[in-house]
Ligand SMILES: [Zn+2]
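Residue numbers (my numbering): 32 to 405.
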């Protein structure tokens with residue numbers, strides 16, 4: 032009975048939110064881009080994979096707990112247990128692409144199918160063949176964020192946060208002149224406030240788990256530092272890049288992989304609650320979420336991603352904000368590409384991303400199209 036009541040109140044609140052949303056004008060002033068590295072579309076759209084979860088190569092003896100937490104009979108229920116914010120709020124108010132079972136394909140264009148080329152394609156709007164390694168040097172290609180930082184009204188209002196230290200190179204921090212707080216970087220430099228000092232201190236003093244290696248730090252630090260930056264500086268464009276989904280998949284730890292995905296969803300919810308209660312952001316902000324690459328299909332290939340592993344080029348994205356039509360899970364869509372994201376973000380800010388390399392066409396008109404599907 033109580034649960035029924037709660038459900039009703041929840042549905043009522045959701046309806047109110049949806050109504051107030053549709054009444055706002057089509058005006059986006061800020062963009063929040065959040066990625067979680069290498070999270071497969073399979074888990075995003077179908078939730079926990081029961082074959083992988085019951086395979087003792089991957090469950091680290093947590094099978095019972097995994098099933099209790101994330102299992103349900105249908106894919107729709109499973110995905111909502113894993114990613115409740117995506118499958119309540121974004122599904123109700125925005126759009127989700129990439130469920131290949133419903134003929135919605137989102138692909139990377141680059142031929143490498145791992146992180147540096149993926150993020151570079153996403154941020155530069157261009158798949159540069161020369162960008163072919165995670166150990167690649169400072170990215171020679173101009174990215175959207177440094178372009179935005181030179182546009183009127185956006186100067187000093189663009190920032191990037193990432194768990195992986197390589198974001199400094201992907202976004203070419205020395206050249207782009209936007210703050211890129213990634214890996215072991217301290218936040219709030221050169222004069223951190225008390226909150227930033229506390230984050231920096233705990234990052235320094237927390238031993239990095241072996242799985243993360245030297246280039247990657249726990250997602251919690253990225254979450255805390257980026258949230259504080261939003262509250263303190265109110266950036267108009269911010270990128271937040273989480274990494275633990277990819278780390279745990281490479282270590283064949285399905286439970287940790289799912290928990291990292293669930294945490295990414297919860298942090299997104301927390302940030303969105305703040306956004307929709309802050310006058311600078313409320314009803315003026317686009318949320319765009321995605322990933323840099325896919326992973327293998329098969330039970331013994333989900334841990335991996337590369338050119339030879341089928342499925343590694345398959346990604347997904349979700350989007351919501353004023354002007355984005357509430358379509359939920361999109362079916363039978365035209366194939367969309369990672370290289371189109373950058374110009375799409377620019378389009379939402381009424382800008383056109385121009386630089387010294389080619390930039391793929393955006394697809395804002397697809398997201399704002401209000402006509403009914405045939
Ligand atoms: Zn990886």
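Using N, Cα and C, we set each Cβ at its ideal position, and we do this for glycine too. The structure presented is a predicted model; accordingly, all values stated were derived computationally and were not measured.
Less than 8 Å between the C-beta atoms of residue i and residue j, yes or no?
| i | j | result |
| --- | --- | --- |
| residue 147 | residue 164 | yes |
| residue 192 | residue 212 | yes |
| residue 316 | residue 356 | no |
| residue 346 | residue 324 | yes |
| residue 351 | residue 125 | yes |
| residue 327 | residue 342 | yes |
| residue 386 | residue 173 | yes |
| residue 89 | residue 285 | yes |
| residue 194 | residue 69 | no |
| residue 131 | residue 333 | no |
| residue 291 | residue 74 | no |
Using a Cβ-Cβ cut-off of 8 Å (strictly less than) and excluding sequence neighbours within five positions of residue i, which residues of its own chain qualify?
| i | result |
| --- | --- |
| residue 368 | 137, 138, 139, 140, 391 |
| residue 53 | Caution applies to residue 53, whose pLDDT of 41 falls short of 50 and renders its modelled position unreliable; the value that the coordinates give is listed next. Only 357 meet the Cβ criterion. |
Which same chain residues, not among the five before or five after residue i, have their C-beta less than 6 Å away from its C-beta?
| i | result |
| --- | --- |
| residue 378 | 393, 395 |
| residue 55 | Model confidence at residue 55 stands at a pLDDT of 45, short of 50, so the residue's coordinates are unreliable; what they give is reported in the following sentence. 314, 353. |
| residue 257 | 192, 271 |
| residue 219 | 227 |
| residue 64 | 270, 319 |
Could you tell me the distance, in whole angstroms, from the CA atom of residue i to the CA atom of residue j?
| i | j | result |
| --- | --- | --- |
| residue 264 | residue 188 | 8 Å |
| residue 203 | residue 177 | 9 Å |
| residue 277 | residue 144 | 13 Å |
| residue 109 | residue 222 | 45 Å |
| residue 366 | residue 237 | 43 Å |
| residue 182 | residue 82 | 49 Å |
| residue 59 | residue 331 | 43 Å |
| residue 248 | residue 281 | 15 Å |
| residue 113 | residue 294 | 9 Å |
| residue 142 | residue 67 | 20 Å |
| residue 120 | residue 92 | 33 Å |
| residue 175 | residue 84 | 39 Å |
| residue 235 | residue 261 | 22 Å |
| residue 209 | residue 229 | 23 Å |
| residue 94 | residue 207 | 46 Å |
| residue 225 | residue 255 | 13 Å |
| residue 242 | residue 100 | 24 Å |
Quick check on this structure: which residue in the options has the alpha carbon closest to the alpha carbon of residue i?
| i | options | result |
| --- | --- | --- |
| residue 122 | 246, 374, 319 | 319 |
| residue 118 | 195, 78, 131, 157 | 78 |
| residue 62 | 73, 266, 68, 330 | 266 |
| residue 353 | 330, 398, 386, 371 | 398 |
| residue 197 | 74, 235, 246 | 246 |
| residue 253 | 268, 373, 227, 375 | 227 |
| residue 232 | 240, 242, 215 | 215 |
| residue 170 | 103, 251, 153 | 153 |
Cutting at 7 Å between CB atoms, please list the residues of its own chain near residue i, excluding the five before and the five after it.
| i | result |
| --- | --- |
| residue 374 | 156, 384, 390, 391, 392, 393 |
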